[in-house]
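Notes follow the structure.
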């Protein structure tokens, strides 16, 4: 039954234990699965080493065993069980089976003898218990978990031979009309639906287990949440052993938790509220401000021992410690660890809905089970001794009991202040009055007086609640004022330094002034030069304009010059022509003269 | 009003889901908030929670829904959740007469522990299972009229009337709250002595977000 296939299917829609993994968590589960495997390997090796050494020292016969066989550690498991059963007797005074039908099967002599024996064993193991404790904190190996749980709960001491069978034999068809039986039938298919081990046979076993328990302890009967516990135990151990483990958990560790009135569950929530106030005052105040009772969220966490709240690896790790310790302190520690891990994120929320949604989703994705258990066990190791949880429980119990008694009378009067939370507030402010009033109620038979008292009380509570609101506001104001004061205080301490700094500042200011003056001068110089520059620019511009004009004139002159040169050339040409013409005329004249002369001569 | 952008909603209303074990409260919740129906449902231990923001009468309303465990003994614990609730959806299973007979006891619980002005809607769930019907719609209607409740038959499986049931509750609450706000304004304007003893429980008890600063 115990031991799961580590290499399971790789789709990751179910974890190695066969429980469904939510679609949004499959990716992160895939990552953590590798870590889990590694951790499992390491812790198996540690346990092997631990148990081997125990066996060798206890029993010399065990030799040369190659490869560890868990069967060989059974003798030591018995010793662990012996240690645990010693605790059972110490706590319940040997009254383990008084709730059962069979009470005369254990004779006193035998019991004493056993007690001596377990005392002896306890002494032996006490030395080792520290080592054992740290091993438990690191988690149990899967292959051993079922057996170690049985040993922790001490089922061999609780077991009465044949008892389970007798309980089952009491079942008749008439029981089918009983409310608890109807409820069991409703819840069977709603317990880890789809889990491969909870087939028809598995559900049959769970039905028998829950029925037998209900018949064994009628003051509890069947309470929702036990279906989950039974289902889990059946996955790890044989049916009858699961029965005795369940008996140990419900009758002993969670005595009064799952009964008709669920008193201890309510008491634990009031206690937790106080614990929360001590460790996380800011967060507690934030919750109060948003109108959210922490118990609205943590109540179901405690009741289900984190099943369906945390990822399975984390649930089992918490159960390891809880069953080992044999009390409910681990519920407080784990919840505080979750608050520590997620407190900063929770403080950013703006309404009750957001905070619950955030807390739910953060809790359900707490895959780092080692971190969780380490934070819980190391960070809040001593809360039990420190806060005296049992004393706190004893203080709050009468309050819940009286509330439960009052309940029927409360009918019709619409007032939420009769609720534990409202009363707690009054109680914590004025415990003496309330306790005396409660005692008065118990003895006084007169209902009318009671009713009047009730109305008065409610009015008082109303008043106190109002006062509370205003005092919260006042407290906030004071807090602000305080921070101011603290700041001023610091100023006194720092005044010397401040003065020095001030001096420096003055010096710096002076040098700054000098610089500024220099700067100004520079600026003026610059401005002057700029002016000069401007003037020069103007002059240059004028000169440039003149130059342009001059150039134009030069051009014009050159043109005129060229023109006149051309004219001169023309005139020269004309002169040459005229010369030629005059020469020609001269020649003509000469020749005419010559002709004349010739003619004359001829004549 | 100026804070509307910050808060992203105008009103925050707390609703409780109550009724016998196995009538389908958790599936009504998942149908309304995630539009999801899980055939392999698991039993609720103590209480479960979800929110949804929706528009009613042009206002953005955030519904904060607490789904409680149905087993009788859990009432000791779940009645604490009624504090501050302004609406309740009381569910029975139309195929199980017993769950209908217990409606009276649940009403007693509400009257004992919740605000007197709480808006109650009765829902006969699993109305898809017609052939298994053990409570007629008329019976449901009759009881609702007698007790002054709203009434609908619903099916979380087939998504029938789930939206409408919550819409009706939220609409009614909004109506009451806005009427009260109006009345308060008038009273303030008249500055006269308050003539009627109107309770302010609904708007007073963490119901509205408007009045308180979220930072």
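Protein chains in written order, with this note's numbering: chain A, 1140 to 1742; chain B, 3 to 217. Every residue gets a Cβ at the ideal spot worked out from N, C-alpha and C, and that includes glycine.
Which residues in the same chain have their Cβ closer than 6 Å to the Cβ of residue 1193 of chain A, if we skip the five residues on either side of it in sequence?
The beta carbon of residue 1193 of chain A sits closer than 6 Å to those of 1215, all from its chain and outside the five residues before and after it, given in chain order.
When you check each C-beta in the region 1485 to 1507 of chain A against every C-beta of chain B, which residues fall closer than 9 Å?
Of all residues in the region 1485 to 1507 of chain A, the ones placed with a Cβ closer than 9 Å to any Cβ belonging to chain B are 1489, 1490, 1491, 1492, 1493, 1495, 1496 and 1499, in chain order.
Mind checking the region 37 to 65 of chain B against chain A and listing, in chain order, the residues whose C-beta falls within less than 7 Å of any C-beta there?
Under the 7 Å Cβ criterion, the region 37 to 65 of chain B contributes 42, 43, 44, 45, 47, 48, 49, 51, 53 and 64.
Find the nearest neighbour of residue 1370 of chain A within the set A:1388, A:1354, A:1327 and A:1387, judged by alpha-carbon distance.
Measuring from the Cα of residue 1370 of chain A, the nearest candidate turns out to be A:1327.
By how many angstroms is the C-alpha of residue 1461 of chain A removed from the C-alpha of residue 1516 of chain A?
Straight through space, the alpha carbons of residue 1461 of chain A and residue 1516 of chain A are spaced by roughly 11 Å.
Give the straight-line distance between the Cα atoms of residue 1174 of chain A and residue 1512 of chain A, rounded to the nearest whole angstrom.
Roughly 15 Å between the two C-alpha positions.
Which of the three DSSP states is assigned to residue 1536 of chain A in this structure?
Helix.
Unbroken alpha helix (DSSP H) run spanning residue 1403 of chain A, endpoints:
Residues 1402 to 1418.
Straight-line CA distance for residue 1741 of chain A to residue 1727 of chain A?
Going by the C-alpha atoms only, they are around 20 Å apart.
Between the CA atoms of residue 1427 of chain A and residue 1614 of chain A - distance to the nearest angstrom:
A straight-line Cα-Cα distance of about 14 Å links residue 1614 of chain A and residue 1427 of chain A.
What number of angstroms, rounded off, separates the C-alpha of residue 1168 of chain A from the C-alpha of residue 112 of chain B?
Residue 112 of chain B has its alpha-carbon roughly 42 Å from the corresponding atom of residue 1168 of chain A.
Chain-ordered neighbours of residue 1364 of chain A on chain B, where CB pairs are closer than 7 Å:
Going along chain B in sequence order, the residues near residue 1364 of chain A (Cβ under 7 Å) are 47.
Sequence-distant residues of its chain with Cβ nearer than 7 Å to residue 1331 of chain A (five each side left out)
Excluding sequence neighbours, residue 1331 of chain A sits near 1158, 1337 and 1370.
At which residue ranges does the region 136 to 162 of chain B contain complete beta strand (DSSP E) runs of 3 or more residues, listed in the order of the chain?
Entirely contained in the region 136 to 162 of chain B, the beta strand (DSSP E) runs reaching 3 residues are, in chain order, 152 to 155.
Could you check which residue in A:1296, A:1467, A:1359 and A:1352 has the C-alpha nearest to that of residue 1081 of chain A?
For chain A, the structure presents residues 1140 to 1742; residue 1081 of chain A sits outside this window and is missing.
Ends of the beta strand (DSSP E) at residue 99 of chain B?
That residue, residue 99 of chain B, is in no beta strand (DSSP E); its alpha helix (DSSP H) goes 99 to 103.
So which residues on chain B does residue 1442 of chain A lean against when the C-beta distance must stay under 7 Å?
At a C-beta separation below 7 Å, residue 1442 of chain A has these neighbours in chain B: 47 and 48.
Counting contacts by CB-CB distance shorter than 9 Å, is residue 1322 of chain A in contact with chain B?
Cβ-Cβ to chain B under 9 Å: yes for residue 1322 of chain A.
Using a Cβ cut-off of 9 Å, pull out every chain B residue sitting near residue 1399 of chain A, in sequence order please.
Contact of residue 1399 of chain A with chain B by beta-carbon distance below 9 Å involves 74, 75 and 78.
Let me make sure I understand the geometry here. Which of A:1356, A:1451 and A:1152 has the alpha-carbon closest to that of residue 1307 of chain A?
For the set A:1356, A:1451 and A:1152, the Cα lying nearest the Cα of residue 1307 of chain A is the one of A:1356.
Go through the region 1315 to 1339 of chain A residue by residue and report every complete run of the alpha helix (DSSP H) that reaches 4 residues or more, in order.
Entirely contained in the region 1315 to 1339 of chain A, the alpha helix (DSSP H) runs reaching 4 residues are, in chain order, 1318 to 1326.
Rounded to whole angstroms, what's the CA-CA distance from residue 99 of chain B to residue 136 of chain B? Just pull it up for me.
A straight line joining the alpha-carbon of residue 99 of chain B with that of residue 136 of chain B spans about 6 Å.
Spatial neighbours of residue 1554 of chain A in its chain, beta-carbon cut-off 7 Å, leaving aside the 5 residues before and after:
Interpretation of residue 1554 of chain A is limited by its pLDDT of 38, a score under 50 that renders its predicted location unreliable; no figure is taken from the coordinates.
What does DSSP give as the partner residue(s) for residue 92 of chain B in the beta ladder?
The bridge partners DSSP lists for residue 92 of chain B are B:20 and B:124.
Quick one: is residue 170 of chain B buried, meaning 16 or more other Cβ sit within 10 Å of its Cβ, or exposed?
With at least 16 other beta carbons inside 10 angstroms of its own, residue 170 of chain B counts as buried.
Just tell me which of A:1681, A:1471, A:1448 and A:1541 has its CA closest to the CA of residue 1501 of chain A.
Nearest C-alpha to residue 1501 of chain A among A:1681, A:1471, A:1448 and A:1541: A:1448.
By the criterion of Cβ-Cβ separation under 8 Å, what are the contact partners of residue 1162 of chain A in chain B?
For residue 1162 of chain A, there are no neighbours in chain B by C-beta distance under 8 Å, as the nearest C-beta there is about 11 Å away.
Helix, strand or coil: how does DSSP classify residue 14 of chain B here?
In the structure shown, residue 14 of chain B adopts extended strand secondary structure according to DSSP, grouped into three states.
Just to confirm my understanding: we take residue 1237 of chain A, look at its own chain, exclude 5 residues before and 5 after, and list those with CB closer than 6 Å. What are they?
With a pLDDT of 39 at residue 1237 of chain A, under the threshold of 50, the modelled position of that residue is not reliable, and no figure is offered here.
Quick check: is the beta carbon of residue 158 of chain B nearer than 9 Å to any beta carbon in chain A?
By this cut-off, residue 158 of chain B is not an interface position.
So with CB distances below 7 Å, who are the chain A contacts of residue 83 of chain B?
Chain A residues near residue 83 of chain B: 1435.
Whose Cβ in chain B lies nearer than 8 Å to the Cβ of residue 1447 of chain A?
Here the neighbours are 44 and 47.
Return helix, strand or coil for residue 1527 of chain A, following the three-state DSSP convention.
Residue 1527 of chain A: coil per DSSP, three-state reduction.
Is the beta carbon of residue 1475 of chain A sitting closer than 9 Å to the one on residue 1519 of chain A?
A Cβ-Cβ contact shorter than 9 Å links residue 1475 of chain A with residue 1519 of chain A.
Specify whether the region 1450 to 1469 of chain A and the region 1278 to 1289 of chain A touch according to this definition: at least 3 beta carbon pairs, one from each stretch, less than 8 Å apart.
Because the criterion of three Cβ pairs below 8 Å is met, the region 1450 to 1469 of chain A and the region 1278 to 1289 of chain A touch.
Along chain A, which residues have their Cβ under 9 Å away from the Cβ of residue 32 of chain B?
Counting only Cβ-Cβ distances below 9 Å, residue 32 of chain B has no contacts in chain A at all, with the closest Cβ about 13 Å away.
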